[in-house]
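So this is what it looks like as structure tokens:
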């Protein structure tokens with residue numbers, strides 16, 4: 007059984023009670039200690055039973071229309087909320103990722119790139135296996151991954167884009183087996199350019215619940231023009 | 450529905466939205482405390498669900514619990530990103546119903562819910578109240594200590610001892 011301190015901090019994080027330096031420290035542990043990450047997941051599962059009592063409030067009509075519009079990337083997009091949260095956590099996580107990655111200076115964003123952007127997503131110190139080839143298809147706005155990443159039972163591999171600001175942005179989950187096709191979120195399409203880093207992290211089933219990587223970064227590569 | 454959504458099935462996604470949006474909006478509204486913010490967060494939550502549904506595997510977490518967790522986490526992230534200001538009390542925490550469970554819950558979840566309910570009874574009133582308020586209001590330690598008009602250290606020890614007891618109880622009944 008994990009140390010009591012691990013259990014309690016994991017519970018505090020799952021509840022959302024932590025802030026500032028304590029929260030930053032707990033998020034660091036989420037990245038670096040798999041047992042801690044599992045414990046947080048366990049707490050979330052236990053607490054999940056409490057959602058049943060949560061009062062319901064009808065969502066505003068027309069909201070689904072806005073959501074669909076975002077998916078279809080029609081001109082009227084949702085305002086993107088950026089959690090500046092200059093929290094130590096987000097910049098520290100970004101810094102940890104950057105230390106492991108080599109980011110080339112971004113080239114000018116291609117207006118209509120004649121040559122596709124490709125990346126060889128190679129294992130980091132925390133990963134293993136053969137590099138995964140990725141291609142950005144401008145016609146469809148999707149990233150095609152040639153193969154799957156090795157993922158432990160009950161986990162998912164998640165793809166992230168990391169730009170010059172160092173903040174990871176989720177792209178999507180890799181298929182469990184074989185190639186994947188991941189449509190790029192609209193907000194990221196303007197950022198796709200040579201020099202962007204793609205990274206794969208291991209997350210709980212269904213992907214990171216926090217919007218930032220919570221598991222180890224097992225592979226990374228930089229987009230270059232083919 | 451969630452699995453079908455993961456395959457890009459728009460109709461399934463719409464159905465999932467219809468079934469879950471009231472719950473998820475309730476979550477966002479209570480934690481964000483502002484209607485416009487809650488709407489924005491809710492939209493982002495469903496976008497996330499649309500993107501991540503492909504990775505969802507039926508397992509320990511029911512689809513609604515999975516979605517609700519995304520909503521609560523996202524609402525808390527929004528809350529934490531706001532400049533420090535006085536959050537008004539969202540009102541009393543919902544009472545845990547003895548038997549009310551969402552229709553989509555499986556037998557496994559019912560057992561979990563019962564376990565948690567029983568284990569909660571093992572806690573002091575203060576411990577139970579602090580933990581429940583943290584869950585339903587998305588408050589930080591500092592905010593909650595202020596609300597309860599107790600020193601930060603006191604509140605932290607309520608929560609920590611409460612969590613420890615919960616853990617021991619849940620572990621014992623597993």
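Protein chains in written order, with the numbering used here: chain A, 7 to 232; chain B, 450 to 623. Note that the Cβ used here is the ideal one computed from N, Cα and C, for glycine as well. Being a predicted model, the structure only gives us computed values, none of them experimental.
Which of the three DSSP states is assigned to residue i in this structure?
i: residue 607 (chain B); result: helix
i: residue 554 (chain B); result: Its pLDDT being 45, under 50, residue 554 (chain B) is placed unreliably by the model, and the measurement read from it follows with that caveat. Residue 554 (chain B): coil per DSSP, three-state reduction.
i: residue 1 (chain A); result: With chain A covering 7 to 232 only, the question about residue 1 (chain A) has no answer from this structure.
i: residue 24 (chain A); result: coil
i: residue 146 (chain A); result: coil
i: residue 69 (chain A); result: helix
i: residue 595 (chain B); result: helix
i: residue 228 (chain A); result: strand
i: residue 76 (chain A); result: helix
i: residue 223 (chain A); result: strand
i: residue 203 (chain A); result: strand
i: residue 123 (chain A); result: strand
i: residue 39 (chain A); result: coil
i: residue 580 (chain B); result: helix
i: residue 138 (chain A); result: strand
i: residue 113 (chain A); result: With a pLDDT of 46 at residue 113 (chain A), under the threshold of 50, the modelled position of this residue cannot be trusted, and the question is left open.
i: residue 128 (chain A); result: strand
i: residue 118 (chain A); result: Here the model assigns residue 118 (chain A) a pLDDT of 44, short of 50, so the residue's position is not dependable, and the following value carries that caveat. Residue state, collapsed to three classes: coil.
i: residue 208 (chain A); result: strand
i: residue 217 (chain A); result: coil
Here's a check: name, in chain order, each residue in its chain whose Cβ is nearer than 6 Å to the Cβ of residue i, leaving out the five neighbours to either side.
i: residue 141 (chain A); result: 122, 124 and 150
i: residue 46 (chain A); result: 16, 19 and 20
i: residue 577 (chain B); result: 569
i: residue 553 (chain B); result: In this predicted model, residue 553 (chain B) has a pLDDT of only 43, less than 50, meaning its place in the structure is not dependable enough to derive any value.
i: residue 210 (chain A); result: 47
i: residue 621 (chain B); result: none
i: residue 468 (chain B); result: none
i: residue 614 (chain B); result: 571 and 572
i: residue 32 (chain A); result: 15, 19 and 24
i: residue 161 (chain A); result: 208
i: residue 195 (chain A); result: 147
Could you check whether the Cβ of residue i sits closer than 8 Å to any Cβ belonging to chain E?
i: residue 492 (chain B); result: Annotation note: the requested chain E is absent from the structure, which comprises protein chains A and B.
Between which residues of its own chain and residue i is the CB-CB distance below 8 Å, once the five residues before and five after are set aside?
i: residue 543 (chain B); result: 585
i: residue 153 (chain A); result: 136, 138, 139, 184 and 185
i: residue 464 (chain B); result: 450
i: residue 143 (chain A); result: 122, 149 and 150
Contact defined as beta carbons within less than 8 Å: I believe residue i pairs with residue j. What is the distance between those atoms, to the nearest angstrom?
i: residue 451 (chain B); j: residue 487 (chain B); result: Incorrect: roughly 22 Å between the Cβ atoms, too far for contact.
i: residue 480 (chain B); j: residue 521 (chain B); result: 7 Å
i: residue 579 (chain B); j: residue 611 (chain B); result: 6 Å
i: residue 478 (chain B); j: residue 484 (chain B); result: 7 Å
i: residue 202 (chain A); j: residue 145 (chain A); result: With 8 Å as the limit, residue 202 (chain A) and residue 145 (chain A) do not qualify as a contact, their Cβ atoms being about 18 Å apart.
i: residue 466 (chain B); j: residue 70 (chain A); result: 5 Å
i: residue 189 (chain A); j: residue 219 (chain A); result: Contact flag wrong, Cβ pair sits at about 20 Å.
i: residue 227 (chain A); j: residue 126 (chain A); result: 5 Å
i: residue 587 (chain B); j: residue 525 (chain B); result: 5 Å
i: residue 133 (chain A); j: residue 176 (chain A); result: In fact, because the Cβ distance is near 18 Å, the residues do not count as touching under 8 Å.
i: residue 495 (chain B); j: residue 212 (chain A); result: Not a contact, Cβ separation roughly 14 Å.
i: residue 519 (chain B); j: residue 215 (chain A); result: 6 Å
Within the same chain, show all residues whose beta-carbon is closer than 7 Å to that of residue i, passing over the 5 residues directly before and after it, in chain order.
i: residue 461 (chain B); result: 450, 453 and 454
i: residue 517 (chain B); result: 472, 473 and 476
i: residue 155 (chain A); result: 138, 163, 180, 206, 224 and 225
i: residue 618 (chain B); result: 568 and 571
i: residue 593 (chain B); result: 579, 582, 583 and 604
i: residue 635 (chain B); result: Outside the displayed span of chain B (450 to 623) sits residue 635 (chain B), for which this structure offers no information.
i: residue 607 (chain B); result: 575, 576 and 579
i: residue 43 (chain A); result: 36, 220 and 221
i: residue 22 (chain A); result: none
i: residue 597 (chain B); result: 604
What ranges does the alpha helix (DSSP H) occupy inside the segment 453-523 of chain B, keeping only unbroken runs of at least 4 residues that lie completely in it? Qualifying alpha helix (DSSP H) stretches, in chain order: 459-481 and 484-501.
TODO: Could you tell me which uninterrupted alpha helix (DSSP H) segments, each at least 4 residues in length, are contained entirely in the segment 153-195 of chain A, listed from first to last along the chain?
DONE: 192-195
Note to self: Along the segment 60-79 of chain A, where does the CB come closer than 9 Å to a CB of chain B? Name the residues.
What the structure shows: 60, 61, 62, 63, 64, 65, 66, 69, 70, 72, 73, 74, 76 and 77
### Task
Scan the segment 44-57 of chain A for residues whose Cβ lies nearer than 7 Å to a Cβ of chain B and list them as they occur along the chain.
50, 51, 52, 53, 54, 55, 56 and 57
Using a beta-carbon distance cut-off of less than 8 Å, what residues from the segment 577-597 of chain B approach chain A? 580, 581, 583, 584, 585, 587, 588, 589, 590, 591 and 593
Legend entry - Residues within the segment 216-231 of chain A neighbouring chain B, beta-carbon criterion of under 8 Å: The residues in question are 216 and 217.
For this session: Check distances from the C-beta atoms of the segment 495-512 of chain B to those of chain A and list, in chain order, the residues that come in under 7 Å.
Result: 495, 496, 499, 500, 501, 503, 504, 505, 506, 508, 509 and 510
Next item on the list: Taking a Cβ distance cut-off of 8 Å, strictly less, list which residues of the segment 148-162 of chain A are near chain B, in chain order.
Entry: Under the 8 Å Cβ criterion, the segment 148-162 of chain A contributes 160 and 162.
Residues of the segment 191-208 of chain A in Cβ contact with chain B at a cutoff of 9 Å, in chain order, please.
191
task = Quick one: which residues of the segment 597-610 of chain B get their C-beta closer than 7 Å to a C-beta of chain A? List them in chain order.
result = 608 and 609
Original post:
Using a Cβ cut-off of 8 Å, which residues of the segment 474-490 of chain B contact any Cβ in chain A, in chain order?
Top reply: 474, 475, 476, 478, 479, 488, 489 and 490
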